[in-house]
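These notes concern the structure reproduced below.
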Amino acid sequence: MTDWLLLLILLLLAIAVGWYLGRRERKRSHYYEMGLRHLLNDEPDQAVATLVTELDFEKDSIDTHLALGGLLRRRGELEKAVFVHENVLGRARLDQATRHMVEIELARDYLQAGLLDRAEAMSMRLAAENPEYRSESLKVALQVYEQERDWHKAKEIAQQVSGGIEEAGIEQAISHYCCELAELAIAEKNSVDAKAHLTEAIGHDANNSRVSLLQGQLAINENDPESAVRHLERILVQDPIYVSESLLPLRTAYEALENMAGFRGYLEKCLDRSPSIAVVLALGKVISDQEGADALARFIGNQMQANPSLRGFIELIDVNLIDAEGRIAQDLMLLKQFAEAMISDSAAYRCGECGFEGKRMRWHCPSCRHWASIKPMLGQEGD
1 MTDWLLLLIL LLLAIAVGWY LGRRERKRSH YYEMGLRHLL NDEPDQAVAT
51 LVTELDFEKD SIDTHLALGG LLRRRGELEK AVFVHENVLG RARLDQATRH
101 MVEIELARDY LQAGLLDRAE AMSMRLAAEN PEYRSESLKV ALQVYEQERD
151 WHKAKEIAQQ VSGGIEEAGI EQAISHYCCE LAELAIAEKN SVDAKAHLTE
201 AIGHDANNSR VSLLQGQLAI NENDPESAVR HLERILVQDP IYVSESLLPL
251 RTAYEALENM AGFRGYLEKC LDRSPSIAVV LALGKVISDQ EGADALARFI
301 GNQMQANPSL RGFIELIDVN LIDAEGRIAQ DLMLLKQFAE AMISDSAAYR
351 CGECGFEGKR MRWHCPSCRH WASIKPMLGQ EGD
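In my numbering, the protein residues as written are 1 to 383.
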């Protein structure tokens with residue numbers, strides 16, 4: 001075959017390949033445009049159908065599928081997210097690294113959809129097969145065990161992902177897993193196991209106020225008020241925002257010690273360092289018991305001028321109701337009912353990570369799944 005004939009054949013082949021690739025690129029671009037048009041027209045079902053059934057599974061289009069699946073998951077359209085990722089796994093010829101990348105996304109879909117068995121199985125298999133995805137896979141498994149409240153397994157998995165920039169968060173989580181186990185032991189009246197779990201919790205997070213609360217409650221249960229006071233007063237140093245959670249058991253401990261003067265001194269220190277309406281009301285009760293209603297009225301009035309709150313307002317009304325009669329008493333009761341209605345409709349706790357609000361204390365946010373991110377709310381309607 002002459003050189004010029006070979007050159008002609010190669011040229012024709014190059015033209016043919018270029019034409020084919022251009023045609024395929026135009027076809028793919030057409031389907032991209034169709035899918036985007038459906039999305040812009042708020043037709044997500046048609047958009048998903050177009051993008052996942054018409055596009056060829058090449059590297060760049062797989063990235064598109066992953067982006068689409070992630071978007072659907074974030075929007076809460078979990079069935080569609082699962083469909084997109086399962087479709088890629090079922091139709092595309094993937095190398096192992098790409099397959100694992102798709103599978104970790106699918107495991108996250110399963111987790112968010114509540115398909116915990118599937119999420120656990122896929123994430124644990126990935127953790128064993130691919131070191132690159134081990135950490136991310138174990139985090140999915142960790143969330144599965146948290147939702148199942150399997151604290152022993154959660155602790156075991158968390159200890160495998162410790163290290164790196166997220167170590168503090170993992171250590172904090174392990175500390176709370178130990179607290180969960182301690183609460184179960186306390187409920188079963190097993191103080192030996194409870195103390196062991198709490199000691200382990202301190203080892204992972206020395207500033208965990210929940211540990212101090214549980215140690216204080218455990219000491220009260222064992223008729224050891226001195227230890228209870230020591231544990232509960234440590235919260236002022238660890239995280240003053242949680243002092244309000246400790247005041248009822250702390251009063252119980254001081255009453256057992258017959259040392260209400262000591263309780264008053266501690267409350268005054270709290271009011272100076274970290275004022276809150278919970279501290280004001282607790283101190284107000286002690287003042288009322290020791291000095292009477294007039295002293296309580298002066299104290300609450302002064303505190304309301306400095307830091308007004310609905311709970312303080314209600315307490316001030318109660319003080320004035322003692323001597324009120326006739327129409328004045330009726331008006332005060334009406335004001336009290338109005339303030340109580342406002343409080344009943346208001347949240348008392350808020351997550352600092354995602355803004356979730358609730359009326360009771362939770363150590364694990366049900367929305368963003370962070371530990372110790374929910375705190376008592378401060379202000380006119382909060383603590």
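Note that beta-carbon positions come from the ideal geometry of N, C-alpha and C, so glycine has one too.
Predicted, not measured: the structure shown is a model, and the values here were computed from it.
Supposed contact pair V140 and A119 - C-beta distance, whole angstroms, cut 8 Å = 6 Å
Buried or exposed (CB count within 10 angstroms, at least 16 for buried), I186 = buried
Residue(s) in a DSSP beta bridge with G358 | Y349
Use the C-beta contact count for Q290: other C-beta atoms within 10 angstroms, 16 or more gives buried, fewer gives exposed.
-> exposed
What's the gap between the Cα of T98 and the Cα of E132?
-> 12 Å
Endpoints, the alpha helix (DSSP H) within which I374 is located = Where I374 is concerned, there is no enclosing alpha helix (DSSP H), although the beta strand (DSSP E) it sits in stretches over 374-376.
C-beta contact flag for I409 and R311 at 8 Å = Given a span of 1 to 383 for the chain in the structure shown, any question on residue 409 remains unanswerable.
Kindly indicate which three-state DSSP category W363 falls into: helix, strand or coil?
-> coil
Minimum length 4: unbroken alpha helix (DSSP H) runs contained in the stretch 183-250 = 191-204, 209-221, 225-233, 235-238
In angstroms with no decimal places, state the Cα-to-Cα distance between K269 and L247.
-> 13 Å
State the beta-bridge partners of W416 as determined by DSSP.
-> The question about residue 416 has no answer here: the residues shown for the chain are numbered 1 through 383.
Report yes or no: do the stretch 332-340 and the stretch 354-363 share at least 3 C-beta pairs separated by less than 8 Å?
-> no
Out of N302, D239, K189, S227, point me to the one whose CA is closest to Y254's CA.
-> S227
In whole angstroms, what separates the C-alpha of V84 from that of M124?
-> 22 Å
Secondary structure at R149, three-state DSSP: helix, strand or coil?
-> coil
The stretch 186-200 contacting the stretch 229-241, beta-carbon criterion three pairs below 8 Å | no
For K80, which of I62, L94, L106 has the nearest alpha-carbon?
-> L106
Ignore the nearest five residues each way along the sequence and tell me which others in R360's own chain have a CB closer than 8 Å to its CB.
-> A348, Y349
Determine the burial state of P225: buried for a count of at least 16 other Cβ atoms within 10 Å of its Cβ, exposed for fewer.
-> buried
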